[in-house]
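Residue numbers (this note's numbering): -14 to 355.
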């Protein structure tokens, strides 16, 4: 009865039917959220399968040895499969695989030696594979790989020496806190347009900045605000016409009129993913300025420094509604702030850094929004 199915979605099952592996014409399979499934059938004959979603199968321990027989598979998600520790050797026979999501596979310790045989792979997400220590050298043979996310791979301590051979367009190494250095070959990645590295060792962050400048990313804007003489406004208004992926705005104490901040129209910059707002040593009352610097909802990373107002504007007090996609938040040098918004409500937050906020004496239940 199963052999004619082309699309199959299963939910809340602990065991798949015995003949499940014989769905010869099945193209689309969604097992997302089947948190009680511990294993898949030993023999998979899903020879037509192109899309497989196993995300949030929390009890799934490992994949069948012949998993590589799924020759037509183009999309695979194992996101939040916490117990998967190894990928079978046959995995490297998935020659048509284009998108692979291994994010939050917390027990995954290594990738197969011949991982580079996945010649069609375009996107690889290894976010929060917190026990992954090294990447195989063969990964650098993935000539079609465009997007690689290594953020929060806390134990990853080195990248392959030939890493620069990749033709990446997007690379994220944020919070890879064990990474000691970046290979010089990254400077050869002329195709790279997005490069994220929030939080890391000082050496890595310094290398990151150097590489940014060397590659002259078109998607990065660094702007130090100045007053524009004879025009009665500040240079922040010039940001209104600019599009970028990363933006660093400093010297915000030079914004005298809150209207200037509104004219910058940060909330309309749908391509913006990483934003840093910084006041200088002179400080000054910044709440009315920050009130008008609302970021777009698409923002991934937000850093705020040197802000000297005691409390926050509305959009930060209700930050989970305004920035639901935020994964990293950094706060530093908030000299007068004595309470924090409910950052714990942010649904996708993975990392938070707070430095030199001397008047905050405790973090209570209100921080978690409870």
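Backbone N, C-alpha and C fix where the C-beta goes; we use that ideal spot for every residue, glycine too.
Less than 8 Å between the C-beta atoms of residue i and residue j, yes or no?
| i | j | result |
| --- | --- | --- |
| residue 373 | residue 204 | Shown here, the chain extends from -14 to 355; a query on residue 373 therefore has no answer. |
| residue 11 | residue 49 | no |
| residue 257 | residue 283 | yes |
| residue 331 | residue 306 | no |
| residue 316 | residue 293 | no |
| residue 215 | residue 247 | no |
| residue 177 | residue 153 | yes |
| residue 251 | residue 280 | yes |
| residue 63 | residue 79 | no |
| residue 134 | residue 111 | yes |
| residue 140 | residue 107 | no |
| residue 148 | residue 163 | no |
| residue 181 | residue 259 | yes |
| residue 101 | residue 82 | no |
Residues in the same chain with beta-carbon distance under 7 Å from residue i, minus the five sequence neighbours each way, listed in chain order, please.
| i | result |
| --- | --- |
| residue 301 | 326 |
Have a look at residue i and residue j and give me their C-alpha separation to the nearest angstrom.
| i | j | result |
| --- | --- | --- |
| residue 68 | residue 116 | 12 Å |
| residue 230 | residue 334 | 19 Å |
| residue 366 | residue 13 | Examination of residue 366 is not possible in this model, given that the chain is present from -14 through 355 alone. |
| residue 53 | residue 160 | 32 Å |
| residue 36 | residue 105 | 15 Å |
| residue 45 | residue 99 | 23 Å |
| residue 211 | residue 228 | 20 Å |
| residue -14 | residue 103 | Here residue -14 scores only 37 on pLDDT, less than 50, and its place in the model should not be relied on; the value that follows carries that caveat. Distance between the alpha carbons of residue -14 and residue 103 is about 34 Å. |
For residue i, which residues from the same chain have a beta carbon less than 6 Å from its beta carbon, with the 5 sequence-adjacent residues on both sides left out?
| i | result |
| --- | --- |
| residue 150 | 125 |
| residue 72 | 97 |
| residue 288 | 261 and 315 |
What does DSSP give as the partner residue(s) for residue i in the beta ladder?
| i | result |
| --- | --- |
| residue 336 | 313 |
| residue 179 | 155 |
| residue 274 | Beta-bridge pairing links residue 274 to no other residue. |
| residue 47 | Its beta-bridge partners do not exist; DSSP assigns none. |
| residue 239 | Residue 239 is not bridged to any residue. |
| residue 285 | For residue 285, which the question treats as bridged, DSSP gives no partner whatsoever. |
| residue 110 | 86 and 134 |
| residue 260 | 232 and 287 |
Residue i and residue j look like a contact to me (Cβ under 8 Å); what is the Cβ gap, rounded to whole Å?
| i | j | result |
| --- | --- | --- |
| residue 343 | residue 320 | 7 Å |
Suppose the cutoff is 8 Å on Cβ atoms and the five residues either side in sequence are ignored; what does the same chain contact list for residue i look like?
| i | result |
| --- | --- |
| residue 285 | 181, 258, 259, 310, 311, 312 and 313 |
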